[in-house]
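A short worksheet on the structure shown next.
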Amino acid sequence: MGNSKENREKLHLEHEDFSFLESESRKVMEIISGIFVLERISDESWPLRFFVLINQNKYEFIFSAMGSVAIRPAKNDNLHHNPAPIFYMSVTKYFPGKFEWEGPLESAISTNAPDIEKLISDSIANYELSLLPGS
Numbered sequence: 004m005g006n007s008k009e010n011r012e013k014l015h016l017e018h019e020d021f022s023f024l025e026s027e028s029r030k031v032m033e034i035i036s037g038i039f040v041l042e043r044i045s046d047e048s049w050p051l052r053f054f055v056l057i058n059q060n061k062y063e064f065i066f067s068a069m070g071s072v073a074i075r076p077a078k079n080d081n082l083h084h085n086p087a088p089i090f091y092m093s094v095t096k097y098f099p100g101k102f103e104w105e106g107p108l109e110s111a112i113s114t115n116a117p118d119i120e121k122l123i124s125d126s127i128a129n130y131e132l133s134l135l136p137g138s
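Taking the numbering used here, the leading residue of the sequence shown gets 4, the next gets one more, and so forth.
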């Protein structure tokens, strides 16, 4: 996985990239499961969905086989439909065939546990602050 900023030409994914993307999703899921207690929602295959309880709030962690992770508030009485993600990262392919985990603004994301924990915790904290009266 490259983190270079010198050549940012995106490449289209090809069929042979799919197993690599699934592998990357599994690696990140493994890292995240070492940080948070993931409770599997169902036995279906991809996307893999888990509940996580953080600060007495329930969140849904969604891992896709295409190299992405999304976190959103879990559905409840106040959130009947699919809530919008509060955290998202995905793998992007760049020239000359380098893959990078990125956030929504195409900023590179390190996949080491402390960095992922901080990014997720900060996103959840910002979301929870937005729920406070007067926010």
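Every residue, glycine too, gets a C-beta built ideally from N, C-alpha and C. Keep in mind it's a predicted model, so treat the numbers as computed, not measured.
Backbone CA spacing between Phe21 and Tyr97 [nearest angstrom]: Cα to Cα, Phe21 sits roughly 15 Å from Tyr97.
From Val31, Ile112, Gly137 and Asn115, residue whose alpha carbon lies closest to that of Ala68: Val31
Three-state class that DSSP yields for Ala116 in the structure shown: helix
Distance between Ala128 and Phe53 (C-alpha atoms, nearest Å): 19 Å
Residue range of the beta strand (DSSP E) that includes Lys78: Unbroken run through Lys78: none, as it is neither H nor E.
Own chain residues within Cβ distance below 7 Å of Glu105, not counting five before or after: Met92, Ser93, Thr95, Ala111 and Ile112
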